[in-house]
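See structure below.
Residue numbers (the numbering used here): 4 to 127.
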């Protein structure tokens with residue numbers, strides 16, 4: 004995983020690269036009711052960099068992520084994206100959430116309890 008640094012963003016800008024997916028999935032996949040995706044977007048506007056960014060930057064929902072990347076792209080500002088997914092704690096989920104696999108997993112809210120807007124592709 005590439006660390007989020009302003010120096011790397013300056014290099015991306017010089018190369019004409021607008022977005023780098025530094026960690027995690029490139030896009031949501033699978034059934035939106037089973038998983039929720041979270042995103043952190045690092046840009047020159049970010050007040051933190053490096054490990055501080057990764058620990059303290061807000062986690063965006065998919066709709067917020069898409070809007071932020073579009074905004075930065077319109078400004079010709081490069082960014083780095085970090086993403087992860089969590090299973091939803093939902094009784095309709097096909098997973099056995101009591102199994103060893105999910106013992107230490109962090110869970111996202113059930114679909115019906117998630118107030119985030121639905122983005123293209125149906126993910127919240």
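Yeah, the Cβ is synthetic: ideal placement off N, Cα and C, and Gly gets one too.
Quick one: residues in its chain with C-beta nearer than 6 Å to the C-beta of residue 46, no 5 flanking neighbours on either side, listed in chain order?
-> 75, 80, 82
Are at least three pairs of beta-carbons, each pair with one atom in the region 8-17 and one in the region 42-58, less than 8 Å apart?
-> yes
Would you call the CB atoms of residue 56 and residue 86 closer than 8 Å?
-> no
Look up residue 41 in the DSSP assignment and say whether it is helix, strand or coil.
-> Looking at residue 41 - three-state DSSP - the assignment turns out to be strand.
Smallest Cα separation from residue 25: which of 6, 119, 37?
-> 6
Integer Cβ distance of residue 114 from residue 91, believed to fall under 8 Å = 6 Å
Who are the near neighbours of residue 64 in its chain, counting only those whose CB is closer than 7 Å to its CB and skipping five residues on each side?
-> Contacts found: 119, 127.
If you compare alpha carbons, which of 99, 17, 73, 43 is closest to residue 59?
-> With distances taken between Cα atoms, residue 59 lies closest to 43.
Report the three-state DSSP secondary structure of residue 2 (helix, strand or coil).
-> In the structure displayed, the chain extends from 4 to 127; residue 2 sits before or after that span and is not available.
From the DSSP output, which residues share a beta bridge with residue 88?
-> 40
When you compare only the Cα positions, how much space is there between residue 94 and residue 23?
-> 36 Å
How would you write the range of the beta strand (DSSP E) that residue 102 sits in, first residue to last?
-> Segment: none, residue 102 is in no beta strand (DSSP E) and carries neither H nor E.
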